[in-house]
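I have placed the structure first, in the form of structure tokens, so that the comments after it can refer back to it.
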Amino acid sequence: MEEVRDIFGSAPLTGLEYNLNIEQNPSRKDIRTAAELLDAFPLFEETVIYKTQAHLGIYDVLLAHCRNLSSGKYKGRRGECCSTLVGAKGIGKTSSLQIFTKICKFMIPNVHVVYVNFNNICSSGPKFLEFSLITLIMIQLRQLGLGVHEVGEEAPKDVLLMYLQKAKVNVLVLIDELDQLYKTVNDVNEVTLHDLACLGNQSTGRVSVVLCGSSGMMEDLITTNGVKDINIVAEFPLLKGAPNLNGTKYITKRVYSALPTDLGAVATLTRKELNDANKPWLRVVAFAGGCSARATGRLLNDSGANGSILLGLSPDSALSGHNTLNKDDMNHLREEIIKGLYKKNNALFKQFFDSNGRALLLEIERVNWEEQFQPLLFAEVNSIWKKLINKKKVRKEDSGKLVYNLLHLSDRCWLTIDGVVDSRPERIYPFSMFHLLKQHIKEDALPEASDQLITYISQGASASGKYLSDPKLLAGGCGDGWCWS
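Residues 178 to 662 (the working numbering) are what the sequence shown spells out, left to right.
See the structure below:
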């Protein structure tokens with residue numbers, strides 16, 4: 178069979194290779210947590226592996242799946258070997274999955290990793306249109322040197338699962354951008370969803386699946402609850418008639434974004450030390466980009482022209498943001514939260530403007546706003562929500578959707594949420610301070626303020642030499658479909 182272009186997968190090292198790896202890098206032995214992983218792999222193939230809250234959360238999930246596979250904990254147990262990772266766009270999900278695919282073999286000697294990205298599925302090559310997921314997994318395992326035989330009269334799932342059991346092979350399957358699959362209706366995509374349902378319900382103990390997506394609707398997609406909402410079906414037409422992947426089998430594990438006050442995350446992403454000398458510059462980067470991997474990368478790599486890149490980072494500049502603004506109850510909630518955040522921090526923010534409403538860069542870099550800023554607590558947001566209900570700005574049938582709306586606003590980069598208590602977000606932050614404050618900067622002064630921030634950031638980045646690579650290239654130049662290591 179011809180080689181599938183843009184496939185990414187990895188096979189474990191041989192026993193000798195693994196032992197040599199451990200001898201040369203003893204810190205890679207018996208890695209159990211993301212922190213230990215990042216200590217063992219501070220740099221891989223000239224790519225820095227970052228230590229933000231989001232990256233640590235992702236690696237912890239992947240490590241747990243690999244270790245459970247390796248030790249046989251999934252054998253004989255249904256519905257426990259699969260998870261769904263959900264998090265905002267741009268926090269490092271794709272780069273983390275791709276990097277983990279490459280480094281897993283250096284830590285866990287008996288797990289193969291298969292990575293599939295469904296982004297831009299219609300343009301990712303003919304194999305994506307011809308073969309469903311299980312067949313694609315078998316193609317990749319063959320190309321990794323495993324003897325999975327061709328499918329005859331047997332069902333592909335039977336061929337795969339019987340081979341894995343007889344050969345005693347463990348496989349971790351990483352599915353990226355699954356939400357994109359639901360946007361295209363065809364027989365192959367529908368079979369792929371049934372393949373996922375099968376893998377989530379098998380008890381061989383030899384295969385584990387981690388799904389990943391950026392849509393706030395991921396849970397509605399995999400459980401098919403979204404089929405009741407005509408707006409969700411319009412965006413994800415494959416949902417109509419799709420199998421229920423069962424949220425308890427593909428249990429959701431939410432990855433939270435770095436907080437917009439997390440200077441440590443910005444220091445990691447920009448390879449600067451978090452010290453008093455660097456804090457002024459780190460504050461400005463955090464103020465502008467909100468500390469996410471993608472936003473920070475854009476600020477540093479695309480800042481050659483002017484402040485338009487900064488304005489473009491706001492979700493209201495994206496089509497997906499427009500979709501949110503069209504949902505009245507969610508938009509009212511967003512507006513009131515922004516007002517509430519500004520009001521709660523009014524004394525702090527007054528320091529950032531002169532009497533003419535112009536932003537003061539000197540104060541942004543001087544004031545320790547990252548320590549002074551106060552997020553809204555869930556109780557405060559719940560009070561806002563009840564007032565909207567009383568004012569009839571929320572439909573009666575939507576009155577129970579507060580947590581759902583907060584998660585959606587977070588996943589679409591309107592807000593950042595932190596902590597979970599009783600299945601509810603504990604604290605609510607803006608996506609970035611600039612996004613929170615830009616509506617209070619006079620319109621004629623906004624371009625100047627943006628240019629000033631970008632110029633300052635660009636000069637600081639140039640002075641420090643190398644900085645964050647484009648997040649799309651963090652795993653060594655992978656495409657949108659599959660990639661080889």
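Ideal Cβ positions, reconstructed from N, Cα and C, are used throughout, including at glycine.
Note that this is a predicted model, so its numbers are computed, not measured.
Own chain, CB closer than 6 Å to residue i, minus 5 neighbours either side, in chain order
i       : result
Ser-491 : His-612
Pro-333 : Ile-311, Thr-312
Val-386 : Cys-259, Val-350, Leu-376
Asp-372 : Ser-309, Leu-310, Ile-311
Residue burial classification, residue i (beta-carbon count within 10 angstroms, cutoff 16)
i       : result
Val-597 : exposed
His-232 : buried
Gly-329 : exposed
Tyr-195 : buried
Lys-228 : buried
Gly-467 : buried
Leu-193 : exposed
Asn-366 : buried
Thr-425 : exposed
Lys-377 : The sequence given here has Gly at residue 377, not Lys. By the neighbour-count rule (16 or more Cβ atoms within 10 Å), Gly-377 is buried.
Thr-473 : buried
Thr-210 : exposed
Gly-234 : buried
Gly-390 : buried
Ala-556 : exposed
Asn-522 : buried
Tyr-197 : This sequence places Leu at residue 197; Tyr is not what is there. Leu-197 should be labelled exposed.
Arg-448 : exposed
Ala-524 : exposed
Ser-309 : buried
Ser-392 : buried
Pro-189 : buried
Ile-605 : buried
Other residues of its chain near residue i: CB distance less than 7 Å, five sequence neighbours each side excluded
i       : result
Ile-566 : Ser-576
Tyr-633 : Val-461, Leu-538
Thr-429 : Thr-261, Val-263, Glu-396
Ser-204 : Asp-216, Ala-217
Lys-417 : Val-404, Val-410
Lys-456 : Leu-440
Between the CA atoms of residue j and residue i - distance to the nearest angstrom
i       : j       : result
Gln-379 : Arg-255 : 6 Å
Ser-641 : Arg-543 : Only weak support exists for where Ser-641 lies, its pLDDT of 42 falling under 50; the value from the coordinates is given anyway. Whole-angstrom Cα-Cα distance: 20 Å.
Asp-505 : Ile-268 : 27 Å
Ala-454 : Gly-637 : 12 Å
Leu-451 : Trp-458 : 10 Å
Lys-573 : Leu-579 : 12 Å
Leu-651 : Val-571 : Because Leu-651 carries a pLDDT of 26, less than 50, the predicted location of this residue cannot be relied on, and no value is offered for it.
Pro-552 : Leu-592 : 11 Å
Met-394 : Tyr-581 : 9 Å
Ser-560 : Gln-201 : 57 Å
Thr-191 : Lys-270 : 29 Å
Leu-388 : Asp-588 : 16 Å
Leu-370 : Phe-550 : 44 Å
Met-610 : Val-384 : 43 Å
Val-348 : Gly-249 : 12 Å
Leu-476 : Trp-562 : 34 Å
Leu-214 : Ala-470 : 19 Å
Cys-243 : Ala-212 : 16 Å
Asp-237 : Ser-485 : 36 Å
Pro-602 : Ala-419 : 30 Å
Leu-136 : Met-339 : No statement about residue 136 is possible, as the shown extent of the chain runs from 178 to 662 and does not include it.
Spatially closest choice to residue i from the options, by CA coordinates
i       : options                            : result
Leu-246 : Tyr-236, Cys-258, Asp-237          : Cys-258
Asp-207 : Ile-268, Tyr-251, Pro-286, Gln-616 : Pro-286
Asn-478 : Leu-446, Asn-455, Lys-456, Ser-385 : Leu-446
Thr-438 : Gly-382, Arg-448, Asn-198, Gln-230 : Gln-230
Leu-586 : Leu-338, Met-507, Thr-369          : Met-507
Ser-272 : Leu-351, Gly-441, Leu-476, Leu-518 : Leu-351
Ser-569 : Asp-621, Ser-309, Leu-510          : The question names Ser, yet the displayed sequence has Lys at residue 569. Comparing Cα-Cα distances from Lys-569 to each of Asp-621, Ser-309, Leu-510, the minimum goes to Leu-510.
Leu-355 : Leu-318, Asn-294, Leu-415, His-371 : Asn-294
Leu-335 : Lys-449, Ile-314, Gly-489          : The question names Leu, yet the displayed sequence has Asp at residue 335. Closest by alpha carbon: Ile-314.
Leu-124 : Asp-364, Arg-601, Arg-448, Gly-489 : Limits of the chain in this structure are 178 at one end and 662 at the other, which puts residue 124 out of reach.
Arg-431 : Ile-199, Gln-629, Ser-600, Ile-541 : Ser-600
Residues of its chain near residue i, where Cβ-Cβ distance is below 8 Å and the 5 sequence neighbours each way are ignored
i       : result
Ser-187 : Thr-278, Lys-279, Cys-281, Lys-282, His-289, Val-290, Leu-321, Ser-662
Asn-421 : Ala-374, Ile-399, Thr-400, Thr-401
Ile-515 : Pro-607, Leu-613, Gln-616
Whole-Å CB distance - residue i paired with residue j, under 8 Å assumed
i       : j       : result
Ile-631 : Leu-487 : 6 Å
Ala-265 : Ser-434 : 5 Å
Thr-381 : Leu-341 : 6 Å
Leu-337 : Val-346 : So it is not a contact: roughly 10 Å between Cβ atoms.
Ala-463 : Glu-547 : 7 Å
Leu-274 : Tyr-292 : 6 Å
Tyr-519 : Phe-526 : 7 Å
Leu-436 : Asp-595 : 6 Å
Closer than 8 Å to chain B by CB, residue i
i       : result
Val-461 : Among the chains in the structure shown there is no chain B, since it carries only a single protein chain.
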